[in-house]
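Numbered according to the working numbering, the sequence shown spans residues 42 to 1016. For every residue, glycine included, the Cβ atom is placed at its ideal position computed from N, Cα and C.
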Amino acid sequence: MSDSLSPLLLQAISISKAINTQEAPVKEKHARRIILGTHHEKGAFTFWSYAIGLPLPSSAILSWKFCHVLHKVLRDGHPNVLQDCQRYRSNIRETGDLWGHLHDRYGQLVSIYTRLLLTKISFHVKHPEFPPGLEVSDEVLEKTAGADVNNIFQLTVELFDYLDCELKLSESVFRQLNTSMAVSQMSAVQCRLAPLIQVIQDCSHLYHYSVKLMFKLHSCLPADTLQGHRDRFHEQFRSLKNFFKKASDMLYFKRLIQIPRLPESPPNFLRASALAEHVKPVVVIPEEAPEDEEPENLIEISTTSTTEPQITSDLFEQTFGPPNGVWDDRDAQIECLKKEVETLRAEMEKIKLEAQRYITQLKAQVNSLEGEVEEQRKQKQKALVDNEQLRDELERLQRAKQDSDRSQRLCAEAEKKANATEIRYTKLKEKHSELINTHAELLRKNADTAKQLTVTQQSQEEVARVKEQLAFQVEQVKREAEMKLEDQSVQMEQLRQELDARRDELEQAQRSLSHAKQAGVELSAQLDALHAEKEVLRRSVSEKECELLSTRGLVQEKELQLSQEADKATREIRELQGRLLEKSNQEQSLQQKLLDEQFGILQETVREAQAILSDAMAKLDDPLHLRCTSSPDYLLSRAQAALESTDALEKGHAQYVASMADAAGLVGALALFAHLAGDTIVNGSATAHLAPTDHADRLTETCRECGQRSLECLEQLKDRQRLGSAQLGHVQGALRGVLQLAQELRPKSLDIKQEELGDMVEKEMASTSEAIEDAVRRIEEMMSQARNESSGVKLEVNERILNSCTDLMKAIRLLVTTSTNLQKEIVESGRGAATTQEFYAKNSRWTEGLISASKAVGWGATQLVESADRVVLHTGKYEELIVCSHEIAASTAQLVAASKVKAEKSSRNLARLQECSRNVNEMAANVVASTKSGQEQIEEKDTMDFSGMSLIKLKKEEMETQVKVLELEKRLEGQ
């Protein structure tokens, strides 16, 4: 019995140790035991039975570690784990939604992680070929993707969504680490980083599969169609490369995982040979060093062996609950309390043993501390000797400091001398300025005398003499001033040289002073360090003595604590009884809160439904909506769906009135009704734009009445008192009015007798073939006519356009023939014992689609020939030919879609029809390309066409052009 229970107990203990509230990474040995447990029991029953009882809403760290362990179990656990996790999707989603609404750093990460896990579970349940570890061969990938382009397209989108969830989790983790500037060796940081190991493993496989499928898509579809896929892949490539680079730079990942290197640029999907250059990224997990296994006491060991089975069963029942799950609540609580008392007693005995062991350890520590104190005393003696040496060193430094003071005084004297020379220089400068002023004064006097000479002509000789004297004096003063300036410049040069010499001496003295100061600072720092070390040694001795006293106190406190814990156990029993009473009161309050929340959800849904209907009614009077159109058939289908949704709304209303604790049915029915009714109103308005005036007015008013009745009914649902009396009769009447008007507006041309439908299909297909044959014949006639009437560039353009039109007609003819064969195959395989006409009559909607599609193809071929004729005769526009080509491509696509509806996927005629459709699209594109290039050639030819000129005419044109150029140049020069 004990042998069969031990793996389950071991797994339960590992789960409790792995998923806890400590901010530290999950230990690998605990995760490994949980994974081995899933393989042992071939599922995750034990894991989920324990995980459901975890208080995940109380701790974000607990939820984070739960998601981490679940991710590892999904990847490496037994294959049946996926199905077990599928059953608990709602628990995972509730945990993510709860923490997503709270502003908690770990809570936001938990919300993102749960979305990743839900996406992972959904993907692997939908595609069982991919194991949760994502390791499949390329052959399995090819087989899963298949040959259908739609399947490949859908699988690629799902892989992109999967990879987006993985990358979003990594970006959120790194964003939190960047904001806190964390170090990867901290346990709190490692707690966040640990799940990224599984993310790296998933991302490497998802990236490889995405590249393979993208190359396969590009081999089947045009490049323009996949532009969105390429943009999304390039964005994911940049995010994944950045993620791998950041993770590679962290020391935490270097010892746990070998991260692959991605190429510098994403693969070029437009070049098929680039697939050979793609290298699959491989993640390598190095072999772990064996961890020191902790001894884990699964069962309390006591002196009596008779209590061992009882304790084992108690532990098992505490972990997994009672075996039959039918105990009475009070009996279960009493049993639980008894078990807790027994476990507390056992823990007390264990604590006493640990206390005795702790006392012996403390005694050993006391002895070691006494030895350390003796060693500290020896170090103290050594420190005193070092202190004496430092004192001698300090005296030597003080003498050096006195020498530096002496050098500072010399520097001060040199600075004083330099200041004196600067004062002398300023005085000489002032004298120089005085001489300049006297020279200017003399020049002014000379000007005054010149004025007096002009005024007094009688004393000219005397003035001349005075002028000569003044000129002589001025010359003499100039010479004296120049001599003085030369002397001053010489003195200034000498002073500058002395000043430079003094400055050099001052700088040398300052350098020697700084060296002395630096040496003094270093010695003082050494002295301070020795003093600090001495103080540290003293403090360490005192601290060791304090620790010795504190350890003795701890022993006494431990004994007191043991007695207090016994009293605490009795108090906790009384508290549990009080909590039981509180829980019953809380249940009543929660029941009332549930009713209020359900009504609040209903109100929000009603408001959203009113907004949808109000927006739809606004379209009735919106001038921008006038260009929107719809068909009576589509309006008929929308109105019928809206009318059917009222039944579900009435049922949900009745259920909610009967039990207001569950508003799910009414909320879902309300959302569906609002969308369908709004869609009916919008399509009714669009149908009225193409209807006759009388019908259009009636249809618009009926749609408006439908919206108003719906809003009145929703207004009743918002009031608690009127909620039970809400009726949908008026709404249903308005919807029936819309149905009747849509039925009246249906085109009467489709009212064909059921027995005539089969004959019409064959007639329309035959007339379409005849129209295409006639178009080919007319194009050949136009080709011969163009060769006779045109030449040069125009002949080349016309031949290219008509050749592309001929190719298009041939491709359409082949497509119509293939479609006819496919229809015969469909009729033969589906009619059974009925006739062909009965089969067509039974599937009248499909038959009408075939008829309209074949008519559209025949009409498009006729229009293309007429447009080509007008283009060749230069009476039409090239744009008309381009539009006709697009119309033919659309008509053939309609015919292919109508033929594919009832065809089997494995039909060879269906494959040929799809190939013909692609060929028609290519030929239509060739018509557009040849038309555009021909238009450009004709425009260039119209500017100057030399193809029909002789050599003499070309020379004459050249001479006339040169004459015009010379005339224009002369006119330009004249202006």
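Residue i to residue j, Cα distance in whole Å?
i, j, result
"I477", "E521", "12 Å"
"G5", "S604", "Because the chain spans 42 through 1016 in this model, residue 5 falls outside it and cannot be assessed."
"S655", "S131", "34 Å"
"E805", "A732", "28 Å"
"D243", "A715", "41 Å"
"V324", "Q299", "6 Å"
"V151", "R134", "10 Å"
"D446", "Q430", "25 Å"
"K692", "S948", "45 Å"
"A737", "D720", "17 Å"
"G78", "E176", "22 Å"
"L755", "A650", "8 Å"
"T345", "L617", "Note that T345 scores a pLDDT of 33, beneath 50, so its modelled location is shaky and nothing firm can be said."
"N191", "T670", "30 Å"
"V414", "Q439", "36 Å"
"V320", "P304", "9 Å"
"K35", "Q757", "Residue 35 lies beyond the residue range present for the chain, which begins at 42 and ends at 1016; the question has no answer from this structure."
"A72", "V723", "57 Å"
"L139", "I93", "15 Å"
Which residues does DSSP list as the beta-bridge partners of residue i?
i, result
"Q299", "V325"
Is it buried or exposed for residue i, if we count other Cβ within 10 angstroms and need 16 for buried?
i, result
"L707", "buried"
"E1014", "exposed"
"M823", "buried"
"T87", "buried"
"A710", "buried"
"M291", "buried"
"L636", "exposed"
"H694", "buried"
"L157", "buried"
"K660", "buried"
"F513", "exposed"
"H275", "exposed"
"L50", "buried"
"K587", "In the sequence under discussion, the amino acid at residue 587 is Cys, which differs from the Lys named in the question. By the neighbour-count rule (16 or more Cβ atoms within 10 Å), C587 is not buried but exposed."
"G84", "buried"
With a threshold of 8 Å on Cβ separation, who are the neighbours of residue i within its own chain once the five nearest residues in sequence on each side are excluded?
i, result
"P331", "For P331, the pLDDT reaches just 43, beneath the cut-off of 50, and the residue's location in the model is therefore unreliable, although a value from the coordinates is still provided. Taken in chain order, the list of residues that qualify is empty."
"Q773", "L684 and T687"
"A313", "F256, H259 and S260"
"L103", "I60, N61, T62, L95, P96 and L97"
"L936", "L856, V857, S860, L891, A894, S895, A897 and V898"
"E753", "H771"
Report all residues from its chain with a CB closer than 7 Å to the CB of residue i; omit the five preceding and five following residues, and keep chain order.
i, result
"V67", "A59, K106, H109, V110 and A235"
"E337", "Confidence at E337 is low in this model, with a pLDDT of 42, below 50, so the placement of that residue should be treated as unreliable; the coordinate-derived value is given next. For E337, where only same-chain residues beyond five positions count, the Cβ hits under 7 Å are I54."
"T646", "V708, L711 and A712"
"K419", "none"
"L782", "H736, R739, L740 and T743"
"I153", "K209, L210 and S213"
Ends of the alpha helix (DSSP H) at residue i?
i, result
"S726", "A705 to A729"
"F310", "Looking at the DSSP string, F310 is not in any alpha helix (DSSP H), and its letter there is neither H nor E."
"Y250", "L237 to C261"
"V110", "A101 to D117"
"L676", "P673 to A699"
"C925", "Y919 to K941"
"R750", "T734 to L758"
"N283", "Q268 to S289"
"H80", "E69 to E82"
Return the chain-ordered list of same chain residues with a C-beta closer than 6 Å to the C-beta of residue i, the five sequence neighbours on each side being excluded.
i, result
"S289", "I300"
"T847", "I820"
"N862", "N950"
"S845", "N967, V968 and S971"
"G174", "R116"
Compute every distance between the C-beta of residue i and the non-hydrogen atoms of the ligand SAM, then say whether any falls below 7 Å.
i, result
"A934", "This structure lacks the ligand SAM; in fact it carries no ligand of any kind."
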